[in-house]
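Take a look at the structure below.
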Amino acid sequence: MNSLIIRRFVGLQKWRNLRVSLQNGSSFSNSFSSASAADVSPKDGGKGETFKASSFLDSLRLVNADSVLDLLRSYGFTDSHISSIIRSDPQVLIANTATSLGSKLEFLQARGASSSELTEIVSTVPKILGKREGQSISRYYDFVKVIIEADKSSKYVKLSHSLSQGNKIRNVLVLRELGVPQKRLLPLLISKAQPVCGKEKFDASLKKVVEMGFDPTTSTFVHALHMLYQMSDKTIEEKVEFYTSVGFTVDDVWAMVKKWPRSLTHSEKKVANSIETFLGLGFSRDEFLMMVKRFPQCIGFSTELVKKKTEYLVKEMNWPLKAVASIPQVVGYSLEKRTVPRCNVIKVLISKGLLESELPAISSVLTSTSEKFLNCYVRKHDDKQLVAELMVIFTGDRVSLTDQKTRLEQ
Numbered sequence: 001m002n003s004l005i006i007r008r009f010v011g012l013q014k015w016r017n018l019r020v021s022l023q024n025g026s027s028f029s030n031s032f033s034s035a036s037a038a039d040v041s042p043k044d045g046g047k048g049e050t051f052k053a054s055s056f057l058d059s060l061r062l063v064n065a066d067s068v069l070d071l072l073r074s075y076g077f078t079d080s081h082i083s084s085i086i087r088s089d090p091q092v093l094i095a096n097t098a099t100s101l102g103s104k105l106e107f108l109q110a111r112g113a114s115s116s117e118l119t120e121i122v123s124t125v126p127k128i129l130g131k132r133e134g135q136s137i138s139r140y141y142d143f144v145k146v147i148i149e150a151d152k153s154s155k156y157v158k159l160s161h162s163l164s165q166g167n168k169i170r171n172v173l174v175l176r177e178l179g180v181p182q183k184r185l186l187p188l189l190i191s192k193a194q195p196v197c198g199k200e201k202f203d204a205s206l207k208k209v210v211e212m213g214f215d216p217t218t219s220t221f222v223h224a225l226h227m228l229y230q231m232s233d234k235t236i237e238e239k240v241e242f243y244t245s246v247g248f249t250v251d252d253v254w255a256m257v258k259k260w261p262r263s264l265t266h267s268e269k270k271v272a273n274s275i276e277t278f279l280g281l282g283f284s285r286d287e288f289l290m291m292v293k294r295f296p297q298c299i300g301f302s303t304e305l306v307k308k309k310t311e312y313l314v315k316e317m318n319w320p321l322k323a324v325a326s327i328p329q330v331v332g333y334s335l336e337k338r339t340v341p342r343c344n345v346i347k348v349l350i351s352k353g354l355l356e357s358e359l360p361a362i363s364s365v366l367t368s369t370s371e372k373f374l375n376c377y378v379r380k381h382d383d384k385q386l387v388a389e390l391m392v393i394f395t396g397d398r399v400s401l402t403d404q405k406t407r408l409e410q
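Taken in order, the sequence shown gives residues 1 to 410; the numbers are from the UniProt record's numbering.
Rendered as structure tokens:
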């Protein structure tokens, strides 16, 4: 990502942020006070609002990406560092003015941070720039520094004893030794979540997670630690008993927990409502049990979401209910971003008689990777105009769903 692209990206993101704020009718203060709700007039397209020319120019001047980028470079940030920040958390550059960022960077440097240390830590965890100047950003910076430096030299482990909330640092370092990736450790440090607080309860919870066989390199390991830390043995036993009362075996329950630790966090009412929803859509109880065992996340979906997605797949696309039951993860896919665009591609191909079978298997359409889907249903056609049309439909974000439907009906 070169310098010009970075400037355009930050400028575009700031502009989008400002535009959304205006569209939502939010009030502005300080430097944004000149762009008021009165400067917004109705117009077809987008969300139904646009800027008057004068407001557009005034607002555009507020999007001063150059000053932010020049500031970062003055502190030693390279294009690579800035690209890392943009990929990880572009909001910190959008939400902070150059003055605000400069004040925070100056504060951290005044505490003794060298240029190389500052650029490495901030580019690794940009959220630090979102913290308030003072004790909050100091503690956060020190936490992050311990983990990053601990990966380089064990001598930095000693630093944990001199920091506030030393147990939190100690516990995170224990997780690091087990193999939990840095990207999962840093959020634990900066959050107010309890799993890495204290000592005895943390040790007991961690022992259970390890004994259950969770892989430390996966997100489910951290989710399991959250769950076991927050729930007593008695509560867990009661949850397991309830699941067995509705048809699951004890082994089923623990297999579900291994896939999705949050399975045990649902209330009895939530589980009962989920059963009612799936049975009401025509799934048998056995199919429901099979779906949850294969894809435990589905038990936590809202009634509205399950109905909307299932009805689209069954009524709109004519896949049998049994097909949905056999591959329950399709209920977890985004309608807007995955299901509808792919299904609209299939509809076009069916309408043109370009599919060998009338309707492909649901797994072929929805569970395959984007690359495999494109190779199978889009790129193989010799008609370049058709390929271009299918690509537009597949990307989804370039054409609204209404426009796609109109295209299909033509």
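Ideal Cβ positions, reconstructed from N, Cα and C, are used throughout, including at glycine.
The C-beta of N318 has fewer than 16 other C-beta atoms within 10 Å across all chains shown, which makes the residue exposed. At the C-beta level, L366 and T339 come within 8 Å of one another. With 16 or more other CB atoms across the displayed protein chains lying within 10 angstroms of its CB, D142 is buried. For E358, the three-state secondary structure derived from DSSP is coil. Annotation: W260 is outside any alpha helix (DSSP H) and is labelled neither H nor E by DSSP. Within a 10 Å sphere around the beta-carbon of R176 sit 16 or more other beta-carbons, which makes this residue buried. Between the alpha carbons of P126 and D66 lies a gap of roughly 18 Å.
For the pair of segments examined, the region 225-238 was found not to touch the region 269-288: the number of CB pairs separated by less than 8 Å stays below three. Excluding its 5 nearest sequence neighbours in each direction, S115 has C-beta neighbours in its own chain below 6 Å: G76, listed in chain order. For L118, the closest of G198, E200, H81, R342 by C-alpha to C-alpha distance is H81. Of the residues Q329, R170, V246, the one whose Cα lies closest to the Cα of G198 is R170. For the pair G134 and E268, the Cα-to-Cα distance works out to about 44 Å.
When secondary structure is reduced to three states using DSSP, K131 falls in the coil class, being assigned neither helix nor strand.
If the five residues before and after N167 are omitted, its C-beta is found closer than 7 Å to the C-beta atoms of C197, G198, K199, all from its own chain and listed in chain order. Assignment of A113 by DSSP, reduced to helix, strand and coil, places it in the coil class. Between the alpha carbons of I393 and S368 lies a gap of roughly 17 Å. When secondary structure is reduced to three states using DSSP, H223 falls in the helix class. One Cα belongs to K293, the other to D252, and the distance between them is close to 7 Å.
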